[in-house]
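Chemist: Each number in my numbering corresponds to the 1-based position in the sequence shown with 42 added.
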Amino acid sequence: MFVLLRQLHSTRKSARVTRPARRLSLAVRHVDAGSCNACEHELGATANLFYDLSCHGITITASPRHADVLLITGAITRRMVTPLLSAYRAMPEPRLVAALGNCAMGLGVLGDDRDLAGPLEQLLPVDIRIPGCPPTPDQIIQALVSSNLAGQAITSA
Ligand code: SF4
Numbered sequence: 043m044f045v046l047l048r049q050l051h052s053t054r055k056s057a058r059v060t061r062p063a064r065r066l067s068l069a070v071r072h073v074d075a076g077s078c079n080a081c082e083h084e085l086g087a088t089a090n091l092f093y094d095l096s097c098h099g100i101t102i103t104a105s106p107r108h109a110d111v112l113l114i115t116g117a118i119t120r121r122m123v124t125p126l127l128s129a130y131r132a133m134p135e136p137r138l139v140a141a142l143g144n145c146a147m148g149l150g151v152l153g154d155d156r157d158l159a160g161p162l163e164q165l166l167p168v169d170i171r172i173p174g175c176p177p178t179p180d181q182i183i184q185a186l187v188s189s190n191l192a193g194q195a196i197t198s199a
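1) Specify which residues have a beta carbon nearer than 6 Å to any heavy atom of the ligand SF4, listing them in chain order.
2) Assign E84 to buried or exposed, taking buried as 16 or more other Cβ atoms, counted over all protein chains shown, within 10 Å of its Cβ.
3) From the DSSP output, in three-state form, read off D180 for me.
4) For P179, I'd like the list of residues in its chain whose CB is within less than 6 Å of its CB, leaving aside the five on either flank, ordered along the chain.
5) Grouping DSSP H, G and I as helix and E and B as strand, with all else coil, what is T115?
6) Once you ignore the five residues that flank A69 on each side, which residues in its own chain have a CB closer than 6 Å to its CB?
7) Nearest CA to the CA of G143: which residue from Q49, G99, Y130 and C81?
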C-alpha cells in the first residue's frame, strides 16, 4: 500500500497535479437528468486517487440537504423535472447550480422535443457551466474549484 501511494505521489508530481493552496469545503449533489453516462464516467473519475477531488475540499453528497452545488448532467428529460426541482428546493441557501456537459447546457446533443423539457436555464438559475462532450475530469475540477474560491458564477474554458 505504501509503495502504491509513493508511486501515485510521483505520478501526480510528473503530471504536475498540484494540491490547492487554499481549501474550502463544497458539497456537490449530482443529478443525471438524461445523459448517455459519459459525463458520469468523467465525474466519477474526479474522485479517484489520481484526480482526488476531495483534496480540493469538494465532496459528492447523497443528500441535497447537505449540498452547496446541484450538479446536473444530461439533457433535461420531462420525467426528471420533478426530481430535479425537488432536489433544488431541498438544498439550503446559498446554493449553486452547475450544468456539466453540452447536454445539460442545452446544446442539443441528445433527445428530441417529445422527450425533453427544454434548457436547464429555463428551470433553474445556472451558475456554473462546464462545456464538453464529455468534459474531462480536469475541466470539471477546475470549474468547481474556481466557483468555490471565487464564490461567483463562471463558465469553464
Ligand atoms: S454532453 Fe455528451 S457525454 Fe455528456 S451526456 Fe451529453 S452526449 Fe453524453
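For every residue, glycine included, the Cβ atom is placed at its ideal position computed from N, Cα and C. Small disclaimer: the values here were computed from a predicted structure and weren't measured.
Modeler: Here's the rundown:
1) Those residues are S77, C78, A80, C81, T115, G116, G143, N144, C145, V151, L152, C175 and P176, given in chain order.
2) Per the 10 Å Cβ criterion, buried.
3) Here D180 sits in helix by DSSP.
4) If we look at P179 and ignore the five residues flanking it on each side, its Cβ neighbours are E84, A87, T88 and Y93.
5) Here T115 sits in strand by DSSP.
6) T101, T103, H108, A109 and D110.
7) The shortest Cα separation from G143 among Q49, G99, Y130 and C81 belongs to C81.
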